[in-house]
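Step one of this worksheet: look at the structure below.
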Amino acid sequence: MNRLHEKVVLITGANRGMGHTAAKLLAQEGALVIATDINDSGLEELSGMGIDSRILDVTSEDAWRDTVEAIVKKYGRLDVLVNNAGIVHVADPVTFDLNEWRQMCAVNVEGTMLGCKYALPVMSEQGAGSIVNIASISAHTGLYFYSGYCASKGAVAAYTRAVAVYCAQNQLGIRCNSISPGGIDTKINEDLAEQFAQRLASMKVPPQSPVSADGPQMRMGEHEDIGWAIVYLASDESKFMNGSDIRIDNSSSITAAAVA
Ligand SMILES: NC(=O)c1ccc[n+]([C@@H]2O[C@H](COP(=O)([O-])OP(=O)(O)OC[C@H]3O[C@@H](n4cnc5c(N)ncnc54)[C@H](O)[C@@H]3O)[C@@H](O)[C@H]2O)c1
Numbered sequence: 012m013n014r015l016h017e018k019v020v021l022i023t024g025a026n027r028g029m030g031h032t033a034a035k036l037l038a039q040e041g042a043l044v045i046a047t048d049i050n051d052s053g054l055e056e057l058s059g060m061g062i063d064s065r066i067l068d069v070t071s072e073d074a075w076r077d078t079v080e081a082i083v084k085k086y087g088r089l090d091v092l093v094n095n096a097g098i099v100h101v102a103d104p105v106t107f108d109l110n111e112w113r114q115m116c117a118v119n120v121e122g123t124m125l126g127c128k129y130a131l132p133v134m135s136e137q138g139a140g141s142i143v144n145i146a147s148i149s150a151h152t153g154l155y156f157y158s159g160y161c162a163s164k165g166a167v168a169a170y171t172r173a174v175a176v177y178c179a180q181n182q183l184g185i186r187c188n189s190i191s192p193g194g195i196d197t198k199i200n201e202d203l204a205e206q207f208a209q210r211l212a213s214m215k216v217p218p219q220s221p222v223s224a225d226g227p228q229m230r231m232g233e234h235e236d237i238g239w240a241i242v243y244l245a246s247d248e249s250k251f252m253n254g255s256d257i258r259i260d261n262s263s264s265i266t267a268a269a270v271a
């Protein structure tokens with residue numbers, strides 16, 4: 012309890028999934044959480060628990076500017092930014108739809124970049140802050156149906172390192188780290204199972220994937236497995252971590268076998 016006493020935390024993609032759970036864990040640890048998302052049905056539940064919430068489409072630079080300004084006006088500071096919002100489109104490299112690729116990169120990569128762009132000046136002024144970017148094991152492995160997702164999350168991981176070095180070399184007191192989850196049991200994977208069903212039939216060798224049309228192929232993690240790592244990186248317990256990536260995947264990214 013109180014690992015984040017009165018830290019002001021902005022989290023994106025908190026309407027559902029691991030962002031939603033993380034918002035609750037952050038608040039449980041004493042943070043003043045601003046939970047944001049492009050959708051609001053799940054945000055209402057968080058508001059009912061006393062968590063501040065607001066709509067934020069992470070692809071909109073104007074929305075980022077307004078959101079960070081509003082937070083500073085209300086709370087006087089921004090201690091932690093969690094860039095969690097993300098989407099997935101699956102397709103092999105030859106059939107990837109360019110619009111879907113761009114949409115995915117807009118949310119996953121540009122959304123993360125814009126969050127850092129607007130949080131960094133506020134945190135610099137304070138001389139302290141922690142940024143947590145949600146990457147994926149797709150940043151470290153090659154999953155051909157996830158070609159665009161691999162590219163977008165690889166960019167998130169690489170960008171995280173660059174921001175960390177920028178902060179360290181300018182002695183800003185800000186840390187920037189990423190988390191690379193493996194398959195976590197959220198709706199994003201339920202949606203994927205449908206997309207896979209349309210494509211599996213055409214493949215010579217079915218891809219290794221956490222999900223298939225028949226359901227999970229390997230043990231999935233729980234929302235809290237990522238949520239507690241977010242709490243750790245948000246807290247001062249991780250004060251010597253900067254530019255790191257934490258893989259949380261039950262070893263699935265370092266083995267050729269499906270992990271049961
Ligand atoms: N679930 C997994 O297996 C897994 C594995 C690795 C990484 N991730 C990453 O974890 C993060 C959370 O994923 P999840 O599994 O909880 O998925 P999810 O689909 O349950 O939640 C994602 C949230 O992002 C929101 N979102 C989408 N577009 C947005 C936008 N433009 N602006 C603001 N919010 C937007 C959605 O409304 C949703 O609430 C994502 O970045 C995802 O890529 C998930």
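Residue 12 is where the sequence shown starts when you use this note's numbering, and the numbers rise one by one after that.
For glycine and all other residues, C-beta sits at the position ideal for the given N, C-alpha and C.
It should be emphasised that the depicted structure is a prediction, and the values quoted were computed from it without experimental measurement.
Inter-stretch contact at 8 Å, needing at least 3 Cβ pairs: the region 67-87 / the region 106-126
yes
Is any heavy atom in ligand 1 found nearer than 7 Å to the beta carbon of residue 26?
yes
Exposed or buried, residue 192, counting other C-beta atoms within 10 Å across all chains shown (16 or more means buried)?
buried
Smallest Cα separation from residue 102: which of 115, 93 and 96?
115
Thinking C-alpha only, which one of 147, 256 and 158 is nearest residue 111?
158
How is the alpha helix (DSSP H) around residue 132 delimited, first residue to last?
122-137
Based on the DSSP secondary-structure assignment, which residues constitute the bridge partners of residue 192?
259
Pull up the distance between the alpha-carbon of residue 177 and that of residue 165, whole angstroms please.
19 Å
Taking the C-alpha atoms as reference points, what is the distance between residue 19 and residue 184?
16 Å
Sub-8 Å separation of residue 88 and residue 39 beta-carbons:
no
Give a yes or no on contact between the region 135-153 and the region 91-98, applying the rule of three or more CB pairs nearer than 8 Å.
yes
Pick from 203, 76, 237 and 48: whose alpha carbon is nearest that of residue 29?
237
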